[in-house]
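Just below is one structure, and these are the notes that go with it.
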Amino acid sequence: MSRHTIWAAYIDHRYGELCGDDSCTIGWDGPMNTYFFQSGAEVEDQGGMCRPFIWIGGSPNEFPNLDEFLVAIRNVFQSPDLEGLLETLETESQASQ
């Protein structure tokens, strides 16, 4: 699995506010065969467990193709860090296959 911490901006749909988050995670999960993005944390009601506020690519084979992943995230968040990582993410996914 590859993980990269990036800064991203997204709309917090709970409050309708633009949020900047410097601890987002983007990467490739080889065992699940998907690219993923996680941002923020929201406390769940039962047990006080936390889960990502935004989690894209949390299911097996959800986004095995980088182009499909990029289309899916296009309107979810923006990050100046993303462009510099695209080649790295693609290389990491190919190395795990």
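Residue numbers for the sequence shown, in numbering that gives the first Met the number 0: 0 to 96.
Even for Gly, the Cβ is constructed at its ideal location relative to N, Cα and C.
Predicted, not measured: the structure shown is a model, and the values here were computed from it.
Next item on the list: Grab me the residues of residue 26's own chain with a C-beta within less than 8 angstroms of its C-beta, minus the 5 sequence neighbours each way, in chain order.
Entry: 0, 1, 2, 3, 34, 35, 88 and 91
Check: By Cβ distance below 6 angstroms, which residues in the same chain neighbour residue 30 in space, the five residues on each side in sequence not counted?
Finding: Answer for residue 30: no residue qualifies.
Notebook entry, point to check: Alpha carbon to alpha carbon, how far is residue 78 from residue 51?
Noted result: 17 angstroms
Next item on the list: Classify residue 29 as helix, strand or coil using the three-state DSSP reduction.
Entry: coil
Item checked: Spatial distance of residue 37 from residue 7 (CA atoms) -> Each residue's alpha carbon lies about 10 angstroms from the other.
Next item on the list: Return helix, strand or coil for residue 106, following the three-state DSSP convention.
Entry: Residue numbering for the chain in the displayed model covers 0 to 96; residue 106 lies beyond these limits and cannot be assessed.
Next item on the list: Using alpha carbons as the reference points, say which of 61, 39 and 22 lies closest to residue 13.
Entry: For the options 61, 39 and 22, the alpha carbon positioned closest to that of residue 13 is the one of 39.
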